[in-house]
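Sequential numbering of the sequence shown, starting at 51, is according to our numbering.
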Amino acid sequence: MGTPIEALLSGLIVALTSWLPLSPEANWVSSLVEGYSSFLVPAYLGVTFAVLFRFRERFSRLLLEAMKGIYEAELKYLFFATLFTVLIGLPVSSFSCRVSAEVSTVVNALVGVAIVLLAALNPTKNPLKELDRKLPEQPSILDSISAGILQGFALLGPLTRTGTVTLGLLLPGHSAKKALQWGFMVAPAYLILRLVQLGSWQSSDPAWVPFTAFASAFFGSLLLMPLLERMAEKNGRYFLILFGLVAVVVYALEVIT
């Protein structure tokens with residue numbers, strides 16, 4: 051049986067690793083709290099509902115506009131990203147061959163390095179980009195396809211969904227804040243498939259113990275997502291360098307230990 055403290059910590063860890071370029075199911079994460087894996091399902095549910103709650107107004111507005119026959123770029127992005135997540139993710143979920151935790155850690159570190167390099171090599175002053183910022187930043191169909199494909203393949207193992215999707219949205223030149231936001235918005239498609247992968251779940255604990263994991267993941271996500279967005283908006287370049295370094299540092303610590 052798990053304890054409330056284990057449930058609380060497990061939910062917070064899932065929230066933290068879900069929105070940073072890490073994976074909630076990496077080996078080092080599982081070893082942090084005893085009984086961590088038994089709280090994955092309620093914690094994933096907490097993270098999923100946090101996204102739906104965080105962007106509820108935007109989702110509602112997009113749906114209302116769609117009912118009027120107005121299909122905004124973000125709605126198309128959500129539709130195609132979700133579609134490709136399912137098209138790629140469902141077959142991937144049935145693969146018997148999985149990416150090991152060790153390989154996943156290396157891949158996550160490489161994604162972090164790519165984000166750092168992309169931010170470091172990006173010029174601080176670019177007149178064309180300054181002009182672009184005055185125009186509304188919108189996702190393209192290609193952005194939605196890449197986000198969906200990357201989310202689908204992230205189901206192959208403990209790979210970083212947030213890191214790969216953010217990198218995929220940064221490559222076309224989107225701002226750090228928008229890349230994060232759009233990555234957050236399509237996360238439920240991935241999380242639901244991940245829950246399907248985990249299969250049936252039963253707990254011998256009293257109902258309020260797994261609910262603690264749900265609540266801590268929910269509120270932890272609601273605190274972390276806007277914090278990351280504000281940091282990205284304030285100084286996107288330095289934020290991305292620190293963001294990418296998280297995966298690199300975690301890999302280095304795993305190698306050392």
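For every residue, glycine included, the Cβ atom is placed at its ideal position computed from N, Cα and C.
Item                                                                                                                : Value
Reduced DSSP secondary structure (H/G/I, E/B, other) of tryptophan 69                                               : helix
Of the listed residues Val97, Val305 and Gly85, nearest to glutamate 56 (C-alpha basis)                             : Gly85
Burial state of threonine 307 (16 or more Cβ within 10 Å)                                                           : exposed
Methionine 235: first and last residue of the uninterrupted alpha helix (DSSP H) it sits in                         : 226-235
Between the CA atoms of alanine 164 and alanine 170 - distance to the nearest angstrom                              : 10 Å
Buried or exposed (CB count within 10 angstroms, at least 16 for buried), leucine 137                               : exposed
Expected contact under 8 Å - CB spacing of glycine 61 and serine 194 to nearest Å                                   : Contact flag wrong, Cβ pair sits at about 30 Å.
Run of the alpha helix (DSSP H) containing leucine 206, from where it starts to where it stops                      : No alpha helix (DSSP H) holds leucine 206; DSSP gives it neither H nor E.
Segment contact, 8 Å Cβ cut-off, at least three pairs: the stretch 92-99 with the stretch 254-271                   : yes
For serine 110, the first and last residue of its enclosing alpha helix (DSSP H)                                    : 106-117
Residue burial classification, asparagine 285 (beta-carbon count within 10 angstroms, cutoff 16)                    : exposed
Cβ shell of valine 142 (< 8 Å), same chain only, five flanking positions each side left out                         : Gly202, Phe203, Leu205 and Leu206
Beta-carbon proximity check, leucine 274 vs leucine 133, cutoff 8 Å                                                 : no
Sequence-distant residues of the same chain with beta carbon closer than 6 Å to leucine 245, five excluded per side : Tyr94
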